[in-house]
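Visitor: Residue numbers (the working numbering): 3 to 1007.
Beta carbons: idealized from backbone N, C-alpha and C, even for Gly.
Quick one: structure below, then a few questions.
If you want it as structure tokens, here you go:
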């Protein structure tokens, strides 16, 4: 064998071996891992994992896990996710990694939801704020709006009391109306809601499970909200629910157990103080009424209330369809005895994709059933006014055995009619229950055309249906319903008590279609985004009418309804469009227009046009700032727009119609009785209120946006404001009508700053602060200026019949208090009935009333912070309100001698303020004293929370997190009443907000 042939024989198999070894070492590598949130260890769903230098990769599944193939020669992967700082991980020596992402507050590439679309945060031209689930308020949250309380500048969320499921009053940049609605439009997964609520539910939003919500996007100015036209004067809140993510199924279970306690009792007289007061000031008759007991009625009506909230969800995907299914159960007791709500909820979100993602379908279904037991809130006022020297129970079984004030001269009822009723009897003898069903769903088709991929078509079909029904039963022995209207036409006694029912059905149907064209114009370094669409929405309500019944089932005479039910329906037809145009990705322009037609108005006023325009200049991207590394963002925004308001306006007031009287209002002709047809007042020219808004803003960011924020200024001018005007005799069927004749303005500024002083893998700290200033002034209320027109009275109070304490007047804030200026003695004690004669005519009358302060705060502040260290986390949320004033109606109506020793023949109780004023309560002017207008400014610690990520449990098959928090921790205020945070500024026995202690646990498996 020659040497050459020998080399060939040996080298060929050797070459094969060498090539095989080389291929073996050069093959791709598989890397697996899990992406979690550094704050609490929860999985980060949908995070992007890309080999460094590559443009394609994978995303984390619903449990945060991922699996990716790494090409040969690449030793690192890059992980990014919206709301988190990106990380680069070295995988050269490992095939399994754990990634802990640190949340950031200023990601400019974050996608936010706007009307009929989305946009990157850095490309916004209007005032839009996005709050994602990682920034929600923690704790025993039972209604969605509580998740963002104190988080957004210009947004005031005031809970309407502490009752289970109670709603909130939401105001964005102050109210824009006096007689219509001031509530923002709320859109859930593309379906605009009817804010009117449903019978049997304390709050329309309480039927939505907060655990299913992914994000809130608040459209604050007209340039952002005008795309919603005639319903956007008060801003828009877009709620997006959680969706499924690609990956294997992941189950998540969360549970909360909470204890609610009464944080503070009203400062009223004790039994000993009432005894001493009566003995010092009363005659022999009043002294004989003293009972000798020591009953704390507030202790008796309130309780420590336990609640639980459990939620189970599964999220994952099939080959082409991400999905999420959730179930929730809430059982919440109220601190006022007998009150309770049970809510059963479910959510289904399906997101199938077809034709290589050219057709995207999103199906969202949310259903709930709530069972409510409403406590009789009249017991709150009764506990203040009922004599504490009396026992809870009497020796007689009459009136259910509860002590009541008797009147020997009242042979029918046997009680003193105007005396307060036994507080415990009010709670235990009234059973008010309801069951409410609600379903909100929509299916959305989004198709990207194959022949023109820049063009998309979107069809959205939505339905919101609800039904509320309930019964009110009052025992026939209850003093507050004893022998009420208890004789029939023949004089026969039928019974006592109450056994009534109510029912309401609602439907909200939606059809929307729009086309969207997006094109990069590289020739001119520009981008164009055009959208045009059509919307039809129909609202239908049916109120069922029932006769009234006594507790024994006997029908009350003449209570039969004229009709079995009454239907109400209105529709809204809309055409809308938007143009986004960007030049060099630095100069942005947005133009929108919406044309609305509403059946609430007559044909001449039915249609309205609502335009807007906004611009943005990305100053940071200019050449003179591009290389300034410390500056990460600097944008200047400006916008103008017109929006409308139609909610809160009666449906048929533009036409004259006749109301058929009930059976108690008839006239007799011969032997026949006829019902009456009563014409209604009408105003044919009524149309929507209109708000024009100017907005300017500066967005800034420093140190890679670890410090970022916004400064905004705005001015809102509302015209066509609805106000009551007097009609000349004989010109209408009513003495007054509500017409579009007024105007009002709001102006102010907002400041928001978010900071991340510490951003490390094992330690992070973030602090956020927001400040709002808003000034409100009414500028017109009459057709022509009238110096003799004081304004429109509003704000009803107790302590007299038909009294109001507020007024709408030109040149003043809305709902300003209209009061007398109190005169004080040398010891600074108010002198009853002594007021300043402002006009100097020598007498005290209505001409001496003056406008003093108002209920709306001029300044709002919010502050929140969170810190994480390894597996531990903690945080707080704090709010402040300045220059809001409250009328203390509890003090004015109960802190008088007449309420302690009533001339009608009974003893009572009241505010301990009587020891300071010694007011008798005679006459009708003392309740209008500015002495009872008190500064309601406050600082409230809303929430303090701590948490710990236990980590893997159950043989590494699940991840466990536990936590604890306290809600309504403390309030610092000068206000003398129970709570300074009153939605309308009139404190009249407000349901107390409880202090809540919560334990939580979350497990993912």
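1. Tell me whether residue 148 sits in a helix, a strand or coil according to DSSP, three-state version.
2. Count the other CB atoms within 10 Å of the CB of residue 829; is the residue buried (16 or more) or exposed (fewer)?
3. Does the Cβ of residue 273 have 16 or more other Cβ atoms within 10 Å, making it buried, or fewer, making it exposed?
4. Where does the unbroken alpha helix (DSSP H) through residue 279 begin, and where does it stop?
5. Measuring CB to CB, does residue 313 end up less than 9 Å from residue 328?
6. Helix or strand or just coil, what does DSSP make of residue 15?
7. With DSSP as the reference, label residue 620 as helix, strand or coil.
8. Please work out which residues of its chain come closer than 7 Å, Cβ to Cβ, to residue 1, disregarding the five sequence neighbours upstream and downstream, and give them in chain order.
9. For the alpha helix (DSSP H) holding residue 462, just list the boundary residues, first then last.
10. With respect to the alpha helix (DSSP H) encompassing residue 289, which residues constitute its N-terminal and C-terminal limits?
11. Check whether the Cβ atoms of residue 881 and residue 152 lie closer than 9 Å to each other.
12. Please confirm whether residue 909 and residue 268 have their CB atoms less than 9 Å apart.
13. Rounding to the nearest angstrom, what Cα-Cα distance links residue 575 and residue 175 in this structure?
14. Give the single residue among 148, 237, 277 and 164 whose Cα lies nearest to the Cα of residue 213.
15. Is the beta carbon of residue 215 closer than 9 Å to that of residue 135?
16. Got a sec, what are the start and stop residues for the beta strand (DSSP E) residue 818 sits in?
17. Within 10 Å of its beta-carbon, does residue 406 have 16 or more other beta-carbons around it, so buried, or fewer, so exposed?
18. What are the start and end residues of the beta strand (DSSP E) that includes residue 252?
19. Span of the beta strand (DSSP E) holding residue 101?
20. Quick one: using the 10 Å Cβ neighbour count with 16 as the cut-off for buried, is residue 1026 buried or exposed?
21. What's the gap between the Cα of residue 1002 and the Cα of residue 258?
22. State yes or no: is the beta carbon of residue 351 nearer than 9 Å to at least one beta carbon in chain D?
23. Roughly how many angstroms separate the alpha carbons of residue 384 and residue 424, rounded to a whole number?
24. What span of residues does the beta strand (DSSP E) with residue 382 cover, start to end?
25. Assign residue 824 to one of two classes, buried (16 or more other C-beta atoms within 10 Å of its C-beta) or exposed (fewer than that).
26. Quick check on DSSP: helix, strand or coil for residue 136?
27. Could you check which residue in 585, 390, 786 and 928 has the C-alpha nearest to that of residue 848?
28. Secondary structure at residue 584, three-state DSSP: helix, strand or coil?
29. Specify whether the stretch 292-309 and the stretch 367-387 touch according to this definition: at least 3 beta carbon pairs, one from each stretch, less than 8 Å apart.
30. Would you mind sorting residue 521 into buried or exposed? The rule is 16 or more other CB atoms within 10 Å of its CB.
31. Starting from residue 320 and walking both ways along the beta strand (DSSP E), at which residues does that stretch end?
32. Considering residue 845, what are the terminal residues of the alpha helix (DSSP H) in which it resides?
33. Using 10 angstroms around the beta-carbon of residue 646, count the other beta-carbons present and answer buried if the total reaches 16, otherwise exposed.
34. What ranges does the beta strand (DSSP E) occupy inside the stretch 700-784, keeping only unbroken runs of at least 3 residues that lie completely in it?
35. Please list, in chain order, all residues of the same chain as residue 985 whose beta carbon is under 7 Å from its beta carbon, the five residues on each side excluded.
36. For residue 841, is the classification buried or exposed, using 16 other Cβ atoms within 10 angstroms of its Cβ as the cut-off for buried?
Guide: To lay it out plainly:
1. Locating residue 148 in the chain shown gives position 146, where the first residue counts as 1. DSSP places residue 148 in helix when its eight states are reduced to three.
2. Here residue 829 is taken as the residue at index 827 of the chain shown, counted from 1. Exposed, by the Cβ-count rule.
3. Translated into positions along the chain shown, residue 273 becomes position 271. Buried, since its Cβ has 16 or more Cβ neighbours within 10 Å.
4. Numbered from its first residue, the chain shown carries residue 279 at position 277. Residue range 273-283 is occupied by the alpha helix (DSSP H) that includes residue 279.
5. Here residue 313 is taken as the residue at index 311 of the chain shown, counted from 1. Here residue 328 is taken as the residue at index 326 of the chain shown, counted from 1. With a cutoff of 9 Å on beta-carbon distance, residue 313 and residue 328 are scored as near each other.
6. Within the chain shown, the letter at position 13 stands for residue 15. Any reading at residue 15 must be qualified, since the residue scores a pLDDT of 48, below 50, and its modelled position is unreliable; the value itself is stated next. In the displayed model, residue 15 falls within a helix according to three-state DSSP.
7. Locating residue 620 in the chain shown gives position 618, counting from the first residue. In the structure shown, residue 620 sits in a strand (DSSP, three-state: E or B).
8. Residue 1 lies beyond the range of the chain shown here (3 to 1007); nothing can be said about it.
9. Start at 1 with the first residue of the chain shown, and residue 462 comes out as number 460. Judged by DSSP secondary structure, residue 462 falls outside any alpha helix (DSSP H) and instead within the beta strand (DSSP E) spanning 457-476.
10. Residue mapping note: residue 289 aligns to position 287 of the chain shown, counting from 1. Counting along the chain, the unbroken alpha helix (DSSP H) around residue 289 starts and ends at 286-291.
11. Position 879 of the chain shown holds residue 881. Position 150 of the chain shown holds residue 152. For the pair residue 881 and residue 152, the CB atoms are nearer than the 9 Å cut-off.
12. One-based indexing of the chain shown puts residue 909 at position 907. One-based indexing of the chain shown puts residue 268 at position 266. Between residue 909 and residue 268, the gap from beta carbon to beta carbon reaches 9 Å or more.
13. Locating residue 575 in the chain shown gives position 573, where the first residue counts as 1. Locating residue 175 in the chain shown gives position 173, where the first residue counts as 1. Taking the CA atoms as reference points, residue 575 sits about 27 Å from residue 175.
14. Here residue 213 corresponds to residue number 211 of the chain shown, with the count starting at 1. Its Cα nearest to that of residue 213, the residue 148 stands out among 148, 237, 277 and 164.
15. Indexing the chain shown from 1 puts residue 135 at position 133. Indexing the chain shown from 1 puts residue 215 at position 213. In this structure, residue 215 lies closer than 9 Å to residue 135 by Cβ.
16. As a first step, residue 818 is located in the chain shown; it is residue number 816 there, counting from the start. Element bounds for residue 818: 818-821.
17. Walking along the chain shown from the start, residue 406 turns up at place 404. Of the other Cβ atoms in all chains shown, 16 or more fall within 10 Å of the Cβ of residue 406; this residue is therefore buried.
18. Taking the first residue of the chain shown as 1, we reach residue 252 at position 250. Residues 252-263.
19. Looking up residue 101 in the chain shown gives position 99. Element bounds for residue 101: 98-103.
20. Nothing about residue 1026 can be read from this structure; the chain reaches only from 3 to 1007.
21. Looking up residue 1002 in the chain shown gives position 1000. Looking up residue 258 in the chain shown gives position 256. One C-alpha to the other measures close to 5 Å.
22. The displayed structure is made up of one protein chain only, and chain D is not part of it.
23. Counting from one through the chain shown, the residue named residue 384 turns up at place 382. Counting from one through the chain shown, the residue named residue 424 turns up at place 422. Each residue's Cα considered, the two are about 7 Å apart.
24. Taking the first residue of the chain shown as 1, we reach residue 382 at position 380. Premise fails: residue 382 lies in the alpha helix (DSSP H), 380-387, not in any beta strand (DSSP E).
25. Position 822 of the chain shown, counted from the start, is the residue given in the question as residue 824. By the neighbour-count rule (16 or more Cβ atoms within 10 Å), residue 824 is buried.
26. Within the chain shown, the letter at position 134 stands for residue 136. In the three-state reduction of the DSSP assignment, residue 136 falls in the helix class, which pools H, G and I.
27. Translated into positions along the chain shown, residue 848 becomes position 846. Of 585, 390, 786 and 928, the residue nearest in Cα terms is 928.
28. Residue numbering aside, residue 584 sits at position 582 when the chain shown is read from its first letter. In this structure, residue 584 counts as strand in the three-state DSSP scheme.
29. Cβ pair count under 8 Å is three or more, so yes.
30. Numbered from its first residue, the chain shown carries residue 521 at position 519. With fewer than 16 neighbouring CB atoms inside 10 Å of its own CB, residue 521 falls in the exposed class.
31. Residue 320 sits at position 318 when you count from the first residue of the chain shown. Counting along the chain, residue 320 falls outside any beta strand (DSSP E), and DSSP gives it neither H nor E.
32. Residue 845 sits at position 843 when you count from the first residue of the chain shown. Element bounds for residue 845: n/a, residue is neither H nor E.
33. The sequence position of residue 646 within the chain shown is 644, counting from 1. Buried, by the Cβ-count rule.
34. As far as the stretch 700-784 is concerned, its whole beta strand (DSSP E) runs of at least 3 residues are 709-728, 738-761 and 765-782.
35. Against the chain shown, residue 985 aligns to sequence position 983. Around residue 985, the same chain offers 160, 162 and 171 as residues with beta carbons nearer than 7 Å, after the five sequence neighbours per side are excluded.
36. The residue given as residue 841 occupies position 839 in the chain shown. With fewer than 16 Cβ atoms within 10 Å of its Cβ, residue 841 is classed as exposed.
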